[in-house]
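Step one of this worksheet: look at the structure below.
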Ligand SMILES: [Mg+2]
Ligand SMILES: [Mg+2]
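Protein chains in written order, with the UniProt record's numbering: chain B, 256 to 588; chain A, 256 to 588.
Shown next as C-alpha cells:
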C-alpha cells in the first residue's frame, strides 16, 4: 500500500494530460489553511472549492469582514499563483447557524439556505463579498454562488457584488477588480436553463451531491433510499452533458466539485463530457491523474456517447465498468 | 356572484373545445365519493386524479383489499362511463401513516414515500393493486404511480401489477385485463428521461406542485421561500414542453393534475403545449372551460413559443398576462 502511495505521489509534478494531449485541471476541495500542504503534496493545481461555512459555525456571533479577510487571504497567498475558488456561504438546512436565527424547517435541504439566505441577509453577504474581493489582491481568486435556481438570483448576487466593489473603491481599499464569478449547478432548474445562465457568469461548478439529490428527489442522508441515489442514472448523465455543452457553447469553463469528481470510475465520463476542471479531496488527486494520463479523450468521448444510450443506471454502470477494464484497465492497477 | 356562477354552470353540458376545434378533457381531482355530484354538476369529464391516501390515514390498521375494493368500486360505478384515474398510495413524508411504521425523516419530501414505499411493502401495494384491478370491472379505470424517478421503478411496479393479475386470474376473480397504466411526472429526473419513460406507459400525469418544488429545490410548504416558487419559471415551462413533446412523440396522452391545471392564467400555456387532459378541483372546471371555448389553439401555440424565449419568470408572467388581456380578454370577464 505504501509502495502504491509512493508511486502515485511521483505523479505530483507531472502534467494532468491525456495520451492524446487533452488537459484537465485537477484541484482540491478545502476548508482550512492546514490542508494546503496536503493539496500541494498531492499535486493539486489550486483550490476548486473553498468552503467558507466553517468560519460561521459552532461559534458565538458572526465573523466580521476583517476576520474573513484574514482567513481568505491566508489561503489565497499560500495557494498562489494557483487559483482559489471561494464559494459564498452555503449554510442553512442541516448546517444550522444559531446566529442567523434560522427556524426549524420541514425540509431543510429545500429550505432557506445558501444564496437564498445570503440575499435575505445582505449585510452578512456583503461582509463576505468584501472580504473575498480584498483577498483577491493576494493571489488568484474566483468567487461562486451556491444553490442558484434561476437568472434573477445570479443577477441579484452580482448586483450586491458590484455594490461591494463600489464601496471598496470609494473607501480606497484595494480589491480584485477583475474577479471571476461563477455559480454552482446543483438545482435541477439550473440544468434546464444552463444555456441562459451561462451568459451571466464566467464558469459553472457542478455540485453532483445535491444535483443528484434534487434531480431524483432522494434525500442523500436517508439510508433507506441509498439504493436510489444513482450517480449514473441516465437523467444525471444527460444533465451533466447539458451543463457541459451549455458552458462550452457560451465559451465558459465547467468544473465539477461533487464526490463524483474524485471517483476514478467516473473519470472517463467526465473526460468524455469535456469537464475542464475537477475538484476533489487532495488525496484523490494522484489516482485520478494516473488514470487521466493513461486515457485518451477520443475513447472517453465514445464511451460517453454509448453510455447515453442506456435506459437504466444499472446498464450504464455495467457498461462503464466493462469499458474501463477493457480500455482503461492499466489505470486501475 | 351568484349570477356569474349560474352563467358558468350553463357551460356544464357544452363540449370543452376551442374555437378552432381542439378538444381537451377537463376532469376532477377527488378523494371521496361525496364529491361526485359536484364533479358532475360542474361538467367534469371523469376523474383525472383519485387520491387514495385518505383510506390509509387517521385510523388504526391498514385497509384490506375488500375495503379498498368497495371504496374504489363505488366511485368507479358512479363516475362511469367516464374514466376514473386512480393514483396508488402517495403517502409518506408529511402524511405519515403510523401503521406503516415510518421513522422521522430529515427531509420527508425527499424521503421514503409514494412508489418507493409501495415497492418496499409489496403486500400493502398488492392489496391496493388487486382492489383497483377488480374495481375496473365496474366502469372505466386507469391506474398510475406517483414519484417515479426512473425506468426501474416503473418496471418494478408493473411487474407487481402483473403478479396481481396472475393471482386474480388463478383465483377466477374478474378484473380489468386491459387497464391503462401511467405515471406521475413530478420528479425532475422523470422529465429528463421523459422520452424513455413514455415507452413504458399509456399516459403521463404531470404533478406541477411537486415538480416545481423539486426542480427549484424549494419546499412548497416553506413560507420564507414562497417568492421563489414560480410556476412560470423558464425551467418549468421548458420541462412541461419536454414532457408534452415526449408523450406525443410516443403516442401517449399527457395530463396535468397539479394546481396549475385549474388556474385560468395558465390555460393558454397548457393548451399551447398540447396537454390532452387537465384535472382540477371540480369548481374550477366551468371557468377553465369558458376560457377554453373562447380560445384558439393556434394563438395558444404562438403564445407558448414566445413565452419560451424569456429568461425569467417575471418576464414570462408579464407577457402571458398582457397576451391574455389582448387576445383572451373576453374569457376573463
Ligand atoms: Mg450543495
Ligand atoms: Mg406529489
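We put the CB at the ideal spot given by N, CA and C, even for glycine.
Going along chain B in order, which residues have a C-beta closer than 9 Å to the C-beta of residue i?
i              : result
residue 462(A) : Correct list: empty, because the minimum Cβ distance to chain B is about 11 Å.
residue 344(A) : The premise fails here: residue 344(A) is roughly 16 Å from chain B at the closest Cβ pair, so nothing lies under 9 Å.
residue 489(A) : 405, 406, 444, 447, 448, 451
Anything in chain B within Cβ reach of residue i, meaning under 8 Å, just list it in chain order.
i              : result
residue 573(A) : Ordered by position in chain B, no residue passes the 8 Å Cβ test against residue 573(A), which lies about 13 Å from the chain.
residue 504(A) : In chain order: nothing, as chain B lies at least about 16 Å away.
residue 477(A) : 360, 361, 362, 365, 366, 367
Compute the minimum distance between the beta carbon of residue i and the heavy atoms of ligand 2, and state whether it is under 7 Å.
i              : result
residue 462(A) : yes
residue 590(A) : The structure shown does not extend to residue 590(A), since chain A spans only 256 to 588, so no value can be given for it.
residue 465(A) : yes
residue 308(A) : no
residue 439(A) : yes
With hydrogens ignored, establish whether the beta-carbon of residue i is closer than 7 Å to any heavy atom of ligand 1.
i              : result
residue 286(B) : no
residue 345(B) : yes
residue 361(A) : no
Which residues of chain B have a Cβ atom closer than 7 Å to the Cβ of residue i, listed in chain order?
i              : result
residue 442(A) : 471, 472
residue 494(A) : 447
According to DSSP, what are the bridge partners of residue i?
i              : result
residue 338(B) : 395(B)
residue 511(A) : 461(A), 533(A)
residue 400(B) : 438(B)
residue 278(A) : 272(A)
residue 406(B) : Partner(s): none; residue 406(B) has no beta bridge.
residue 517(A) : Answer by DSSP bridge pairing: none, since residue 517(A) is not bridged.
residue 495(B) : According to DSSP, which records beta bridges pairwise, residue 495(B) is partnered with nothing at all.
residue 284(B) : 304(B)
residue 427(A) : None; residue 427(A) has no bridge partner.
If you measure between the beta carbons of residue i and residue j, is that distance less than 8 Å?
i              : j              : result
residue 412(A) : residue 374(A) : yes
residue 390(A) : residue 331(A) : yes
residue 441(A) : residue 385(A) : no
residue 510(B) : residue 532(B) : yes
residue 540(A) : residue 298(A) : yes
residue 397(A) : residue 428(A) : no
residue 552(B) : residue 273(B) : yes
residue 487(A) : residue 431(A) : no
residue 534(A) : residue 284(A) : yes
residue 483(B) : residue 494(A) : no
residue 524(A) : residue 547(A) : no
residue 347(A) : residue 372(A) : yes
Give me the chain A residues within the contact set of residue i, using Cβ-Cβ distance strictly less than 7 Å, ordered along the chain.
i              : result
residue 323(B) : Simply none; closest approach about 25 Å.
residue 310(B) : Those do not exist, as residue 310(B) stays about 24 Å from chain A at its closest Cβ, beyond 7 Å.
residue 264(B) : In chain order: nothing, as chain A lies at least about 39 Å away.
residue 304(B) : Result: empty, since nearest Cβ-Cβ is about 19 Å, beyond 7 Å.
residue 259(B) : Neighbours of residue 259(B) on chain A: none; closest Cβ ~36 Å, over 7 Å.
residue 547(B) : Chain A residues near residue 547(B): none, gap ~28 Å exceeds 7 Å.
Starting from the beta carbon of residue i, find every residue of chain A whose beta carbon is closer than 9 Å, and list them in chain order.
i              : result
residue 417(B) : Per Cβ cutoff of 9 Å: no residues; residue 417(B) is ~19 Å from chain A at best.
residue 480(B) : 365, 366, 367, 371
residue 423(B) : Those do not exist, as residue 423(B) stays about 29 Å from chain A at its closest Cβ, beyond 9 Å.
residue 558(B) : Residues of chain A passing the Cβ test: none, with the nearest at roughly 20 Å.
Residue i versus chain A: which residues are under 8 Å apart at the beta carbon?
i              : result
residue 468(B) : 365
key: Contacting positions in the stretch 560-572 of chain B - beta carbon closer than 8 Å to chain A   = The stretch 560-572 of chain B vs chain A, Cβ under 8 Å: 566, 567, 568, 569.
query = What residues in the stretch 275-300 of chain B bring their beta carbon closer than 8 Å to a beta carbon of chain A?
reply = Residues: none.
task = Give, in chain order, every residue of the stretch 361-374 of chain B whose Cβ lies closer than 8 Å to some Cβ of chain A.
result = For the stretch 361-374 of chain B, which is checked against every Cβ of chain A, the residues closer than 8 Å are 361, 362, 363, 364, 365, 366, 367, 371.
inquiry  = For the stretch 385-404 of chain A, list every residue whose C-beta sits within 8 Å of some C-beta in chain B, in sequence order.
reply    = Cβ contacts with chain B come from 402, 404.
inquiry  = Residues of the stretch 521-535 of chain B in Cβ contact with chain A at a cutoff of 9 Å, in chain order, please.
reply    = Per Cβ criterion, the list is empty.
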